[in-house]
Structures are given as structure tokens and as C-alpha cells.
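Below is one structure, written out as C-alpha cells; comments come after it.
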Amino acid sequence: MQRIVGDRYELVRPLGRGGMGEVWLGRDHRLDRDVAVKLLRPSVLPVGADVETLISRFSREARMTAKLENPGVPAVYDAGTDEDDLYLVMQLIGGADLAEFQAENEPVPVGWVIAIGAQIAAVLVAAHAAGLVHRDLKPRNVMITDNGEIKVLDFGIALLRDVDMTRITRTSEAVGTPAYMAPEQAMHGQSSPSSDLYSLGCVLYELLTGRYVFEANTALAMMHRHYTDVPEPVLSLRPDTGQPLADLVGRLLAKHPGHRPASAGEVHDVLMSLMPPARAGGPLIPMDPTRPFRDKLATPRPPFRQLPTPPPVSPVDPPTLPASRTPAPLMPVAPVLQSAPPMPTARPYPPRADLRPVDTPGRRLGEGVLLGFPCLVFGLAIDDLVRKGTVVEPYAMALFVALPLFFGLRMRKRRLRLPYHWSPGPFGRHALPPRHTVLAERVLERFLLIFGAVVLIGLLAQPKLLIQDDGTRSIGVIGMLTVSLVIFVPGLLMRQRRLGRPYPWVP
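When you line the sequence shown up against this note's numbering, it's residues 37 to 543, in that order.
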């Protein structure tokens with residue numbers, strides 16, 4: 037006898053089992069339709085499992101997934117409890133997951149990979165806009181239907197990016213799959229929209245090359261490799277990928293979140309610009325991910341609506357109008373609309389302006405001048421202060437030192453794609469390995485915090501240090517306070533971004 041859940045959903049057969057419970061093919065007797073029923077049974081959880089956390093996470097899945105109204109996410113129909121089990125009723129998706137799809141179509145055509153990535157990125161745009169982070173994006177959580185449409189599953193372990201929302205995942209509990217987990221998520225438990233983009237990069241890398249980004253025997257070794265090692269370039273494993281797509285995958289797999297694309301919308305725009313031209317018609321291949329784009333192109337546009345013929349104008353009594361005026365004839369409207377030119381064919385989105393090359397000889401020369409000139413002026417000002425005792429006016433220092441230095445650092449940040457104006461960045465002809473870059477930023481962060489705190493505490497504790505023996509001030513209190521804050525505040529900002537705090541002063 038089949039089990040009936042919620043007095044209306046008959047469990048027909050199991051479809052799969054995962055970290056959040058079991059998924060069954062169900063039959064909704066009230067509406068006479070097939071559904072997917074996800075069950076969580078606290079009674080069969082392993083000994084020592086945090087039952088309250090799992091139940092809380094499961095109950096949030098219904099609200100989170102229902103909040104995300106997007107064609108790329110299964111619709112949520114119902115949720116509740118049945119005896120000791122919790123159940124979630126969702127739209128039944130036909131097709132296969134990306135792992136099965138890749139096994140049947142390996143090597144996956146590059147155009148198909150671009151179409152799959154564009155559809156996933158579109159779902160992430162909607163999810164991140166709603167404050168949701170997936171945290172476990174992988175081929176098994178992505179379905180492709182017979183029509184080629186992509187459905188992203190299992191937002192059940194998503195975490196609302198709301199500062200007022202209490203975390204339901206403990207610090208010691210790793211959520212996600214190590215083979216697709218971002219470095220900051222694996223080592224520090226920090227999840228963000230940028231970590232979803234890293235997982236998307238892992239999925240695209242696997243679809244293109246047919247292998248994981250890294251191979252390891254244990255989950256711990258896998259997470260460590262994601263944190264320290266550099267993946268083999270896509271072009272060396274799949275030469276027909278193309279340089280733009282390989283560069284995008286490389287940016288998605290950057291170790292530091294600040295070096296990845298700024299948003300899922302940027303990834304979507306780049307993939308749409310790389311999409312092969314869609315042509316209406318052609319053979320219908322099952323699970324062709326480019327088919328949704330072709331179907332949109334082939335959809336006939338509605339013809340212009342034929343306006344009804346205006347009613348005849350009744351004759352006007354001559355005494356009411358001057359004799360010299362006659363009614364003007366009405367212009368026919370429908371023929372004008374019918375002769376209107378057809379609408380232009382839709383084109384892919386153009387590349388974003390921030391993807392233009394910024395590393396040119398002219399820009400490097402200008403950057404060097406803007407960075408070198410303030411150093412020269414500052415050195416001359418220090419020399420005059422030591423030899424002659426003259427102090428340069430503050431407005432002159434701001435005009436000849438601070439302003440050129442700011443624009444020079446801004447150009448350097450954009451050229452090297454650094455997270456901050458003061459980031460160390462690469463040195464020499466070749467860039468530092470990602471793990472060395474992360475270490476250099478961590479060292480700089482600690483130096484700015486410690487040195488800035490020491491200067492600030494010294495200023496507050498011993499103001500006499502600012503006065504010379506003859507009673508004259510060596511430097512103003514405001515100037516010393518400004519110097520200490522200029523050193524300390526950048527360190528706070530780096531710490532805030534690394535730890536994902538809402539404000540720099542949050543411990």
C-alpha cells in the first residue's frame with residue numbers, strides 16, 4: 037500500500053536521496069497531477085546529527101524557494117508535516133541532471149556550454165537579487181529538460197544575506213560539495229554571491245574539459261587544493277574553447293572574491309555576447325540548451341491589430357457651421373500600421389564596457405607618471421622640512437601629492453583587477469600565485485591594523501610626544517590623528533571584506 041502524505045500526495049516511487057532527505061515521485065489526488073515530494077525524516081538521521089538545525093533548514097527551504105519566482109527554479113506547491121516527517125511538494129521536472137547530460141554528450145559542444153552557463157547565470161541573478169545564496173551549485177543540482185531549459189534545484193541550504201537573520205548553519209558544519217566549493221567557503225565558511233560564481237566556474241570547467249577542477253582522495257584534500265592550487269588552463273585541455281570563454285572561466289575560478297566578476301549579471305552578459313548566432317528552425321535535438329534561445333527568435337510576433345472602420349459621420353446642420361467649412365476626411369489608420377517596417381531581429385547583449393582592455397602602454401605610462409610625480413614632490417617637501425624647516429601648505433600637498441596619487445592608484449587597481457587601491461598586487465613580470473597574493477593581503481591587513489592602532493594609542497596616551505624640548509609642536513594633533521586613521525581605516529576595510537561583516541567595527 038502506497039503512503040499518502042498530507043492526505044492528498046501519494047508517494048509512487050523514490051527519485052533520489054541527498055543531504056536534505058529523500059525525493060519521491062508523488063501524485064496529487066486533489067488536482068490530479070504528478071509532483072515531486074521531498075521528505076525529511078528526523079527519526080532516521082545518524083546518531084549525533086543536529087536534528088533541530090536540519091529541521092529548521094528544511095522548513096526555510098519552502099519559504100526561500102517560494103520567494104524565488106523564476107522559470108529556472110521549480111515552483112513550490114505545498115509544505116507541511118506528516119506524522120514525524122516534514123514534506124515539501126514541488127514542481128516535477130522531467131529530463132536529466134548535468135552529470136547525466138555530460139555523460140551522454142561528452143565532449144559537450146562549446147556552444148552548448150555557453151547556453152547552459154547563460155541560463156544558470158540568469159537564475160543566479162534573480163536569486164542574488166532576492167537575497168539568496170545557493171551555496172551548493174553543482175551538476176547534480178542542475179536539471180536540463182527535453183526542451184533544453186535549465187532548472188536549478190535545491191535552494192534548501194541557501195542562506196539569506198540579511199544582517200538580521202540568525203545563521204542556522206554552525207561554524208563547524210561544512211555546507212556544500214568540496215569539488216565545487218569556493219576557497220573562502222571551504223576554509224572559513226563564508227558564503228556570498230561570489231562563492232556561487234566560483235561554483236559556476238567549476239561547473240563550466242567540468243563541462244568543457246570533462247574533469248574536475250582539482251582531483252583529490254579526500255574532501256579535506258580537495259578543499260585545500262581549491263584554497264592553494266592553480267587549476268590547469270582550460271585551453272590546454274580544450275583548445276577549441278576560445279580565449280574569451282577561457283578567460284571568463286579563469287576569472288570565475290579566482291581565489292580571491294574581489295578578482296571574480298562583480299555579479300552574476302556580468303557573467304550573463306559576457307556569455308550572451310559569446311553565444312553563437314541563433315537561427316530559427318533547424319533540427320530539434322533533445323536537451324539542446326540553445327533551443328530556448330532559438331525558440332524565442334522563432335516565436336512569431338503578433339500582427340498589428342486591425343483597427344475598426346470609423347462610423348460614418350452624420351451630416352451637420354448647415355446653420356450650425358460656416359458655409360465655407362467642410363468636414364475634413366478621416367485618414368485611414370489601418371493601412372499605415374500595416375505598412376510599418378518589421379521590428380529588427382533581437383541581438384545578443386553587447387559586452388560590458390568594463391571588459392575592455394585596460395592594460396596598454398599608454399595607460400601604463402600615465403599610471404607611472406601619476407604615481408612617480410607625487411613621490412618626487414613628497415621627497416622634496418621632506419627635504420625642505422629637514423634642511424630649511426619650511427612646511428608645505430596643506431592645499432599644495434593635496435593638489436600635487438594626494439590627487440595624482442589617487443588617480444594613479446585607481447588606474448593600477450583597474451589594470452590589475454585589485455580589490456583595493458592599496459592592495460599589493462603582482463610584482464615583477466609574472467603575477468604571484470593566488471595563495472601568495474592572499475597571504476600578502478593578509479600580511480598588509482595585519483600591518484595596517486597593528487601599526488595604525490599603535491600610532492593612535494600612542495597619540496591618545498602620550499600627547500607630550502608631539503612637543504619638542506623648546507615647547508614647539510613637531511606635528512599637529514589633527515595631523516597625527518589623520519595619519520593614524522589613514523593607516524588604520526584601510527586595515528579595517530580589508531578585515532570587513534575578508535570576514536564578510538556588515539560594518540568595519542563589527543567584531
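For glycine and all other residues, C-beta sits at the position ideal for the given N, C-alpha and C.
Please go through the same chain and pick out, in chain order, the residues whose beta-carbon is closer than 6 Å to the beta-carbon of residue i, but skip the five residues on each side of it.
i	result
Thr-101	Val-112 and Phe-191
Pro-269	none
Val-285	Gly-237, Leu-240, Tyr-241 and Val-270
Pro-325	Trp-148, Ala-151, Ile-152 and Gly-184
Pro-440	Leu-406, Phe-409 and Pro-410
Ala-252	Met-258 and Arg-261
Ala-434	none
Ala-115	Ala-98 and Leu-124
Ser-230	Pro-293 and Arg-296
Per DSSP, what kind of secondary structure is residue i in: helix, strand or coil?
i	result
Arg-323	Correcting the residue type first, residue 323 is Met in the shown sequence and not Arg. Here Met-323 sits in coil by DSSP.
Lys-35	The chain is shown from 37 up to 543; residue 35 falls before or after that span and cannot be answered.
Gly-286	helix
Leu-401	helix
Pro-440	helix
Val-490	helix
Pro-50	strand
Asp-43	coil
Gly-62	strand
Val-71	strand
Tyr-248	coil
Pro-393	With a pLDDT of only 45 at Pro-393, under the threshold of 50, the placement of this residue in the model should not be trusted, and no figure is reported.
Phe-414	helix
Ala-115	strand
Gly-527	helix
Leu-454	coil
Leu-243	helix
Gly-301	helix
Leu-76	strand
Gly-108	coil
Gly-408	helix
Gly-278	coil
Relative to the alpha-carbon of residue i, which residue among the options has its alpha-carbon at the smallest distance?
i	options	result
Ala-151	Ser-95, Gly-527, Leu-307 and Gln-138	Leu-307
Arg-273	Val-437, Val-146 and Ala-298	Note that residue 273 is Leu in the sequence shown, not Arg. Comparing Cα positions, the closest option is Val-146.
Leu-51	Val-405, Arg-176 and Leu-484	Arg-176
Gly-408	Thr-396, Asp-420, Phe-436 and Gly-398	Phe-436
Met-530	His-292, Tyr-248 and Thr-89	His-292
Gln-221	Val-239, Ala-255 and Arg-171	Arg-171
Ala-255	Thr-213, Asp-419 and Arg-99	Thr-213
Ala-298	Ala-157, Thr-245, Val-479 and Pro-143	Ala-157
Val-479	Pro-526, Gly-116, Thr-518 and Gln-155	Pro-526
Gly-301	Asp-232, Arg-482, Phe-329 and Arg-330	Asp-232
Glu-58	Leu-124, Gln-138, Arg-287 and Leu-401	Leu-124
Pro-110	Leu-401, Ser-230 and Val-159	Val-159
Leu-173	Ser-235, Glu-136 and Asp-133	Ser-235
Gly-398	Ala-438, Ile-418 and Arg-451	Arg-451
Ala-132	Arg-287, His-304, Ala-476 and Ile-186	Ile-186
Val-547	Gly-404, Arg-44, Ile-321 and Gly-246	The structure shown does not extend to residue 547, since the chain spans only 37 to 543, so no value can be given for it.
Thr-277	Asp-305, Pro-312 and Arg-296	Pro-312
Thr-117	Thr-518, Leu-401 and Arg-44	Arg-44
Leaving out the 5 sequence neighbours to the left and right, which residues in its chain are closer than 7 Å to residue i when beta-carbon positions are compared?
i	result
Glu-46	Gln-38, Ile-40, Gly-62, Arg-63 and His-65
Ala-162	Leu-104 and Asn-106
Ala-166	Lys-103 and Leu-104
Tyr-248	Ala-215 and Glu-242
Thr-356	Since pLDDT at Thr-356 reaches only 45, below the 50 mark, its modelled position is unreliable, and the value read off the structure follows with that caveat. Taken in chain order, the list of residues that qualify is empty.
Pro-280	Leu-310
Could you name the residues of the same chain whose beta carbon sits closer than 8 Å to that of residue i, not counting the 5 residues immediately before and after it, in chain order?
i	result
Leu-412	none
Tyr-263	Pro-219, Ala-222, Met-223, Lys-291 and Arg-471
Ile-523	Leu-484, Phe-487, Gly-488 and Val-491
Phe-250	Ala-215, Met-258, Arg-261, His-262, Asp-265 and Pro-267
Arg-49	Trp-60 and Leu-61
Discussion item. Would you call the region 223-242 in contact with the region 180-187, where contact means no fewer than 3 C-beta pairs closer than 8 Å?
Written reply: no
Worksheet item: Are three or more beta carbon pairs between the region 119-139 and the region 59-75 nearer than 8 Å?
Response: yes
Worksheet item: Three or more C-beta pairs closer than 8 Å, one from the region 487-498 and one from the region 440-448: is that the case here?
Response: no
Item to complete: Tell me the start and end of each unbroken alpha helix (DSSP H) in the region 207-239 that is at least 4 residues and wholly inside, in chain order.
Response: 219-224
Worksheet item: Whole alpha helix (DSSP H) runs in the region 119-188 with 4 or more residues, listed along the chain?
Response: Within the region 119-188, the complete alpha helix (DSSP H) runs of at least 4 residues are 134-141 and 146-165.
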